[in-house]
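A.B. asks: Okay, so the sequence shown: first residue is 0 according to numbering that gives the first Met the number 0, each after it adds one. Ideal Cβ placement from N, Cα and C applies to all residues, glycine included. Here the structure is a predicted model, which means the values were calculated and not measured. Could you have a look at this structure, given as structure tokens, before my questions?
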Amino acid sequence: MLFSRSWLSDYVELPSDSEEIQRRLTAVGLAVEGLEERGGDTILDVEVTTNRPDCMNHLGLARELAVIYGRSLKRPEALPKEAAERVEDAAAVDVEDWDGCPRFVARVVRGVRIGPSPEWLRNRLESIGLRPINNVVDVTNFILWEMGQPLHAYDLAKLGGSRLLVRRAREGEILVTLDGIERKLDPGMLVIADADRAVGLAGVMGGADSEVTDATADILIEGAHFDRKHVRATARGLGMHTDASHRFERGTDPELCLEAVSRAAALIAELAGGTVLAGAIDRRAESFPPVLRGWLDLGRLDAFAGASVPKEDAHRWLAGLGFEVKNGGQVWDVTVPSWRLSDFQPRPDGAVYEQDLFEEVLRHFGFDNIPAALPALSGADAPKTPRQILREKVRDRLAACGHAESVHFAFQGEEMDRSFPSLRPEVKPLRLANPLSDRYSVMRRSLIPNLMETARFNQRRGLPAVRLFEIATVFYETRDSELPDQPEHVGLVCGGHAGSPWQREMALDFFDLKGVVESVTEAVGVRLEIRPASLPGLLEGSAAELLRSGQKIGYLGRVAQEEGYPLYVAEIALAGLEGGDVSLQVGAPSRFPAIDADLTFTHSRDTPWAEIDRTIAELRPPDLVSWEMTVRYRGTSVGQGVPEGAVNTTIHFLYNSPERSLTQEEVNERQLALATELQRRFGWKG
Numbered sequence: 000m001l002f003s004r005s006w007l008s009d010y011v012e013l014p015s016d017s018e019e020i021q022r023r024l025t026a027v028g029l030a031v032e033g034l035e036e037r038g039g040d041t042i043l044d045v046e047v048t049t050n051r052p053d054c055m056n057h058l059g060l061a062r063e064l065a066v067i068y069g070r071s072l073k074r075p076e077a078l079p080k081e082a083a084e085r086v087e088d089a090a091a092v093d094v095e096d097w098d099g100c101p102r103f104v105a106r107v108v109r110g111v112r113i114g115p116s117p118e119w120l121r122n123r124l125e126s127i128g129l130r131p132i133n134n135v136v137d138v139t140n141f142i143l144w145e146m147g148q149p150l151h152a153y154d155l156a157k158l159g160g161s162r163l164l165v166r167r168a169r170e171g172e173i174l175v176t177l178d179g180i181e182r183k184l185d186p187g188m189l190v191i192a193d194a195d196r197a198v199g200l201a202g203v204m205g206g207a208d209s210e211v212t213d214a215t216a217d218i219l220i221e222g223a224h225f226d227r228k229h230v231r232a233t234a235r236g237l238g239m240h241t242d243a244s245h246r247f248e249r250g251t252d253p254e255l256c257l258e259a260v261s262r263a264a265a266l267i268a269e270l271a272g273g274t275v276l277a278g279a280i281d282r283r284a285e286s287f288p289p290v291l292r293g294w295l296d297l298g299r300l301d302a303f304a305g306a307s308v309p310k311e312d313a314h315r316w317l318a319g320l321g322f323e324v325k326n327g328g329q330v331w332d333v334t335v336p337s338w339r340l341s342d343f344q345p346r347p348d349g350a351v352y353e354q355d356l357f358e359e360v361l362r363h364f365g366f367d368n369i370p371a372a373l374p375a376l377s378g379a380d381a382p383k384t385p386r387q388i389l390r391e392k393v394r395d396r397l398a399a400c401g402h403a404e405s406v407h408f409a410f411q412g413e414e415m416d417r418s419f420p421s422l423r424p425e426v427k428p429l430r431l432a433n434p435l436s437d438r439y440s441v442m443r444r445s446l447i448p449n450l451m452e453t454a455r456f457n458q459r460r461g462l463p464a465v466r467l468f469e470i471a472t473v474f475y476e477t478r479d480s481e482l483p484d485q486p487e488h489v490g491l492v493c494g495g496h497a498g499s500p501w502q503r504e505m506a507l508d509f510f511d512l513k514g515v516v517e518s519v520t521e522a523v524g525v526r527l528e529i530r531p532a533s534l535p536g537l538l539e540g541s542a543a544e545l546l547r548s549g550q551k552i553g554y555l556g557r558v559a560q561e562e563g564y565p566l567y568v569a570e571i572a573l574a575g576l577e578g579g580d581v582s583l584q585v586g587a588p589s590r591f592p593a594i595d596a597d598l599t600f601t602h603s604r605d606t607p608w609a610e611i612d613r614t615i616a617e618l619r620p621p622d623l624v625s626w627e628m629t630v631r632y633r634g635t636s637v638g639q640g641v642p643e644g645a646v647n648t649t650i651h652f653l654y655n656s657p658e659r660s661l662t663q664e665e666v667n668e669r670q671l672a673l674a675t676e677l678q679r680r681f682g683w684k685g
């Protein structure tokens, strides 16, 4: 929001340094995003958060500045000179819906002359980007930006029965608003009506039939307090957003209505030459507005802040902000001002949360003055669950492998969802009832689509390599429960060229990703079988399923669609990594020499290494320490050396006894028996 320094100076004395004002306002939670010199004035661009509607006007911001600099706040005068005629003799106001409008104030000004506003008023509005219209409308806009109370001026002669009624819209009712658009109203919408028809959308925009024109002589000024939920529902239902609805939706000051209407009547009489009728019509619901109180314990404040806050300063800051403080010693009775009611949510017992009062004091005390210290916690941490331990092991191992963790939304587009495999393809995705957009229309069944989108984002911006992972929940619809099944998955993506100034640059490929997966399974003590598979979105011949004890728990492969360097993905169900198959055992190394042996045999290309590996473990000869596949050879492009459909696999074995030196003959005998059995089970029979 834009604020004029010159305008602020009408209410509080300011220092000459605008940059200092910028720093001080930002420090108390009203971030000034920029300063601009404009026509001899300085314009402040202030980010006013939604919980501070009291500062969406110059008087409210000046109140904060007055507290910051310890200066007095000058409120504008709101006492018009009144005629003998009473306002009740000229107009009437009734409220039918007190929930939607707990207060409605009106004043009447007779004999106005519509014309251009004086230069000072035009300058005030133009400084913050508003277009002057005429002296009456400009005054209502001025009051909105001066005090924060939206107002509306009606041509009194155009109001049927010279009467206003706050009610709900009727079935099929239509209103042409000030922007010239005909709007069909829903019965639940709150409207301002005269004796015949609706003449305005409560808290949003007035109607064209009763607007002020050059022919207007008598005006009725409305200043009301509308329920924020009703205004929000009406504005969203009609796709509208105005300066008035922006403030009503966030909460206005219920006690400001009369003061703002009287201030507007005085200015209109001064600028348009009219006379203000005596008194004001003030319709108010019973027990409105509510009174919010709380208690501020100074000892708890110091403990909460971890610093000693001077008692006198705390009292001065709260009083300057409008809080009524009854100093009862160590515990203060604090009443919230009417313009902050929307910012303070009461506890179930009706009192204000003390932390909200602490915040008011501490933001002016200065968060920089609070020392950085960890809170003292009594007791010990609860033991970690097995799932937490597993998650940390997986996260640490992936980070050690060079992957960075990322976090994404839990929903994605339906097309994205179909573009990659799901571990439960038979389950349809859960659709959102009210999605943000088509890109976020379903709950994710896989982590890969969002990881791929992030990888593509980095790839398109020239990042030489991408290595990401995510540990998060996916969502599957269940028939037996209203809640979806929400298992945790681990997702991986990598690609590009990795290296360093002291390392040769290498392209990341399928085997790099496979190595990361194997590193993770090794860390948690799990053996997986990798089986070739045909999977959606992954390149044929470069995709595989991950199985544990015959059950599919994940997959990995190369992404079929490429935009630059290839990308490789993997996804594993975290539950599939629970309860390790292999326990780590550390023993003293043998002091006797080891003997190496290699075995090469021909078998079907469809036989996975995992099956051969499992068979070797089953047949394991005495003193066989380890084995690994070193070569998998398919032959030349013309098929020389290896039969079509077959492959040569070379396996390296290491024998070592902890008790004595083995002889070559012993190793050869064991190798021959092992090779014979492997040949019998897997040997090529083409």
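Rounded to the nearest angstrom, how far is the Cβ of Ile127 from that of Phe2, given a contact under 8 Å?
C.D. replies: As a position in the sequence shown, residue 127 is number 128, starting the count at 1. As a position in the sequence shown, residue 2 is number 3, starting the count at 1. The pair is a contact, with the Cβ atoms about 7 Å apart (cut-off 8 Å).
A.B. asks: Distance check for Gly202 and Trp144, CA to CA, integer angstroms please.
C.D. replies: The residue given as residue 144 occupies position 145 in the sequence shown. The residue given as residue 202 occupies position 203 in the sequence shown. The straight-line gap from Cα to Cα measures roughly 16 Å.
A.B. asks: Assuming contact is defined by CB atoms lying nearer than 8 Å, are Leu60 and Leu120 in contact in what I supplied?
C.D. replies: In the sequence shown, residue 60 corresponds to position 61, counting from 1. In the sequence shown, residue 120 corresponds to position 121, counting from 1. It is not a contact, given that the beta carbons lie outside the stated cut-off.
A.B. asks: Report, in whole angstroms, the separation of the C-beta atoms of Arg109 and Val86, which I expect to be a contact under 8 Å.
C.D. replies: For the purposes of this step, residue 109 is identified with residue 110 of the sequence shown, where counting begins at 1. For the purposes of this step, residue 86 is identified with residue 87 of the sequence shown, where counting begins at 1. No, Arg109 and Val86 are not in contact; Cβ-Cβ is about 10 Å, not under 8 Å.
A.B. asks: If we count the other Cβ atoms within 10 Å of its Cβ and call it buried at 16 or more, is Pro175 buried or exposed?
C.D. replies: The count along the sequence shown starts at 1 and reaches residue 175 at position 176. Going by the sequence as given, residue 175 is Val instead of Pro. That one is exposed.
A.B. asks: State the Cα-Cα distance for the pair Pro486 and Glu539, rounded to the nearest angstrom.
C.D. replies: To locate residue 486, count along the sequence shown from 1; it is residue 487. To locate residue 539, count along the sequence shown from 1; it is residue 540. Distance between the alpha carbons of Pro486 and Glu539: 28 Å.
A.B. asks: For Ala454, which residues from the same chain have a beta carbon less than 8 Å from its beta carbon, with the 5 sequence-adjacent residues on both sides left out?
C.D. replies: Residue numbering aside, residue 454 sits at position 455 when the sequence shown is read from its first letter. If we look at Ala454 and ignore the five residues flanking it on each side, its Cβ neighbours are Val465, Leu467, Val492, Gly494 and Leu566.
A.B. asks: Pair every Cβ in the region 367-376 with every Cβ in the region 298-308, then say whether three or more of these pairs are closer than 8 Å.
C.D. replies: Cβ pair count under 8 Å is three or more, so yes.
A.B. asks: Could you tell me the boundaries of the alpha helix (DSSP H) in which Pro448 lies?
C.D. replies: Counting from one through the sequence shown, the residue named residue 448 turns up at place 449. Unbroken alpha helix (DSSP H) run through Pro448: Ile447 to Arg459.
A.B. asks: Using 8 Å as the Cβ pair cut-off and three pairs as the minimum, do the region 517-530 and the region 570-578 touch?
C.D. replies: With the cut-off at 8 Å, the region 517-530 and the region 570-578 touch.
A.B. asks: So, is Asn667 buried or exposed, given that buried needs 16 or more other C-beta atoms within 10 angstroms?
C.D. replies: As a position in the sequence shown, residue 667 is number 668, starting the count at 1. Its Cβ having fewer than 16 others within 10 Å, Asn667 is exposed.
A.B. asks: Ignoring anything shorter than 4 residues, give me the alpha helix (DSSP H) runs that lie fully in the region 277-330, in order along the chain.
C.D. replies: Segments of the alpha helix (DSSP H) lying fully in the region 277-330: 297-304 and 310-319.
A.B. asks: Specify the secondary structure class of His407 as computed by DSSP and reduced to three states.
C.D. replies: Within the sequence shown, the letter at position 408 stands for residue 407. Note: His407 maps to coil in three-state DSSP.
A.B. asks: Which runs of the alpha helix (DSSP H) at least 4 residues long sit entirely within the region 593-676? Give them in chain order.
C.D. replies: Complete alpha helix (DSSP H) runs here, min 4: 608-618.
A.B. asks: I think Leu446 touches Glu469, with their Cβ atoms under 8 Å apart; what is that distance to the nearest whole Å?
C.D. replies: Indexing the sequence shown from 1 puts residue 446 at position 447. Indexing the sequence shown from 1 puts residue 469 at position 470. The pair is a contact, with the Cβ atoms about 5 Å apart (cut-off 8 Å).
A.B. asks: Short of 6 Å in beta carbon distance, which residues of its chain neighbour Pro463, apart from the five on each side in sequence? Order them along the chain.
C.D. replies: As a working note, residue 463 is residue 464 in the sequence shown. Only Gly495 and His496 meet the Cβ criterion.
A.B. asks: With three or more beta-carbon pairs closer than 8 Å as the criterion, would you say the region 261-278 touches the region 71-81?
C.D. replies: The region 261-278 vs the region 71-81: in contact.
A.B. asks: Determine the direct distance from the alpha carbon of Gln21 to that of Val136, and round the result to whole angstroms.
C.D. replies: As a first step, residue 136 must be located in the sequence shown, where it is residue number 137. As a first step, residue 21 must be located in the sequence shown, where it is residue number 22. When rounded, the distance between both Cα atoms is 31 Å.
A.B. asks: Going by beta carbon distance, what residues of the same chain come within less than 7 Å of His710, once the five residues before and after it are set aside?
C.D. replies: The first residue shown for the chain is 0 and the last is 685, placing residue 710 beyond what the model contains.
A.B. asks: Taking all protein chains shown into account, do 16 or more other C-beta atoms lie within 10 angstroms of the C-beta of Met55, making it buried, or fewer, making it exposed?
C.D. replies: On the sequence shown, position 56 is the one that residue 55 refers to. The residue is buried, with at least 16 neighbouring Cβ atoms inside 10 Å.
A.B. asks: Go ahead and pull the three-state DSSP assignment for Phe103.
C.D. replies: Here residue 103 corresponds to residue number 104 of the sequence shown, with the count starting at 1. In this structure, Phe103 counts as strand in the three-state DSSP scheme.
A.B. asks: From which residue to which residue does the beta strand (DSSP E) around Tyr68 run?
C.D. replies: Residue numbering aside, residue 68 sits at position 69 when the sequence shown is read from its first letter. Note, Tyr68: premise wrong, no beta strand (DSSP E); alpha helix (DSSP H) at His57 to Tyr68.
A.B. asks: On the DSSP bridge list, what partners appear for Ile220?
C.D. replies: Position 221 of the sequence shown, counted from the start, is the residue given in the question as residue 220. DSSP, once it has assigned bridges, lists Arg106 and Ala152 as partnering Ile220.
A.B. asks: Which same chain residues, not among the five before or five after Arg231, have their C-beta less than 6 Å away from its C-beta?
C.D. replies: Translated into the one-based positions of the sequence shown, residue 231 becomes position 232. Excluding sequence neighbours, Arg231 sits near Glu248.
A.B. asks: Grab me the residues of Pro14's own chain with a C-beta within less than 8 Å of its C-beta, minus the 5 sequence neighbours each way, in chain order.
C.D. replies: Counting from 1 along the sequence shown, the entry for residue 14 is found at position 15. Excluding sequence neighbours, Pro14 sits near Ile20 and Tyr68.
A.B. asks: Tell me where the alpha helix (DSSP H) around Ser3 begins and ends.
C.D. replies: Here residue 3 refers to the residue found at position 4 of the sequence shown. Note, Ser3: premise wrong, no alpha helix (DSSP H); beta strand (DSSP E) at Leu1 to Ser3.
A.B. asks: Below 7 Å CB to CB, which residues in the same chain sit around Leu429 once its five sequence neighbours on both sides are set aside?
C.D. replies: In the sequence shown, the residue the question calls residue 429 occupies position 430. Only Val441, Met442, Phe474, Glu476 and Pro483 meet the Cβ criterion.
A.B. asks: Where does the unbroken beta strand (DSSP E) through Ile173 begin, and where does it stop?
C.D. replies: By one-based count along the sequence shown, residue 173 stands at place 174. Run containing Ile173: Ile173 to Val175, per the beta strand (DSSP E) assignment.
A.B. asks: Taking the alpha carbon of Arg4 as the point to measure from, which residue in Asn647, Ser548 and Leu64 has its own alpha carbon closest?
C.D. replies: Within the sequence shown, the letter at position 5 stands for residue 4. It is Leu64 whose Cα lies nearest to the Cα of Arg4.
A.B. asks: If you reduce the DSSP assignment to three classes, tell me which class Met415 lands in.
C.D. replies: Residue numbering aside, residue 415 sits at position 416 when the sequence shown is read from its first letter. Three-state DSSP puts Met415 in a helix.
A.B. asks: Say whether the region 203-221 touches the region 148-163, bearing in mind that this needs 3 or more beta-carbon pairs closer than 8 Å, one atom from each stretch.
C.D. replies: Output reads yes: the region 148-163 touches the region 203-221.
A.B. asks: So, are the CB atoms of Val687 and Met451 less than 8 Å apart?
C.D. replies: Nothing about residue 687 can be read from this structure; the chain reaches only from 0 to 685.
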